[in-house]
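A.B. asks: Numbering (this note's numbering), first residue to last: -17 to 171. Cβ coordinates follow ideal geometry from the N, Cα and C atoms, glycine included.
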């Protein structure tokens, strides 16, 4: 694998087809992005988790679009090879129009390559709208921190057959809506 070529979505698809491991990390600043780039990481997520890790919030809910854009700009300056994903914080994709507007802001103002949003079937129409606008979307299912209160806390998801099937259906819905991949967080093995 050439460490110098920019990672793209078609490149990720080829890696998956060949059974290669795809390495993704989260970073919020220039030094971390430089290190991840030098290490050969394939994808860097600038997550709304910046609120907990860097800004001292108890959860991700207070994180703003401007917070993500600010940190994403630093990551983009530090990492040249990885695909860089900007997270869409809570409340920034309540309807398709708002979602497209905010996804465009993240892409234009920070320079990230794609956006990520949480949810499955309930946000598939929003994913479809963002993709139609020409912005690649990474989905996020399983434990979704923006909905942690509704989930009853930070608990493993998909522990019984019904909830496991719900996660599978969410993944299928996101794929059908045009998402190029999904983050599957804190789910039963």
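(1) May I have the straight-line CA-CA distance separating residue 121 from residue 74, to the nearest angstrom?
(2) Might you give, ordered along the chain, the residues of its own chain that have their beta carbon closer than 6 Å to the beta carbon of residue 151, omitting 5 neighbours on each side?
(3) Whole beta strand (DSSP E) runs in the segment 42 to 89 with 3 or more residues, listed along the chain?
(4) Could you tell me which of 37, 24, 33, 54 sits nearest to residue 85, measuring between CA atoms?
(5) So residue 17 is in the alpha helix (DSSP H); what residue range does that whole segment cover?
(6) Would you tell me roughly how many angstroms separate the C-alpha atoms of residue 160 and residue -5, rounded to the nearest one?
(7) Is the CB-CB distance between residue 117 and residue 97 below 8 Å?
(8) Among all the DSSP beta bridges, which residues are the ones paired with residue -10?
(9) Look at the alpha carbon of residue 114 and the alpha carbon of residue 82, and state the distance between them as a whole number of angstroms.
(10) Is residue 126 buried or exposed, if buried means 16 or more other CB atoms sit within 10 Å of its CB?
(11) So does the segment 37 to 49 actually touch the segment -2 to 9, counting three or more Cβ pairs closer than 8 Å?
(12) Would residue -8 be called buried (16 or more neighbouring beta carbons within 10 Å of its own) or exposed?
(13) Are the CB atoms of residue 24 and residue 76 within a distance shorter than 8 Å?
(14) Let me check one thing: in DSSP terms, what residues is residue 107 bridge-paired to?
(15) Report yes if the CB atom of residue 59 is closer than 8 Å to the CB atom of residue -12, and no otherwise.
(16) Where does the unbroken alpha helix (DSSP H) through residue 124 begin, and where does it stop?
C.D. replies: Looking at the atomic coordinates:
(1) When rounded, the distance between both Cα atoms is 15 Å.
(2) There are no such residues.
(3) Along the segment 42 to 89, the beta strand (DSSP E) occurs as fully enclosed runs of 3 or more residues at 65 to 69, listed in sequence order.
(4) 54
(5) Counting along the chain, the alpha helix (DSSP H) containing residue 17 begins and ends at 12 to 20.
(6) 14 Å
(7) yes
(8) Bridge partners of residue -10: none, in fact.
(9) 9 Å
(10) buried
(11) The segment 37 to 49 is not in contact with the segment -2 to 9.
(12) Under this definition residue -8 is an exposed residue.
(13) no
(14) The bridge partners DSSP lists for residue 107 come to none.
(15) no
(16) In the DSSP assignment, residue 124 falls outside any alpha helix (DSSP H) and lies within the beta strand (DSSP E) extending over 119 to 124.
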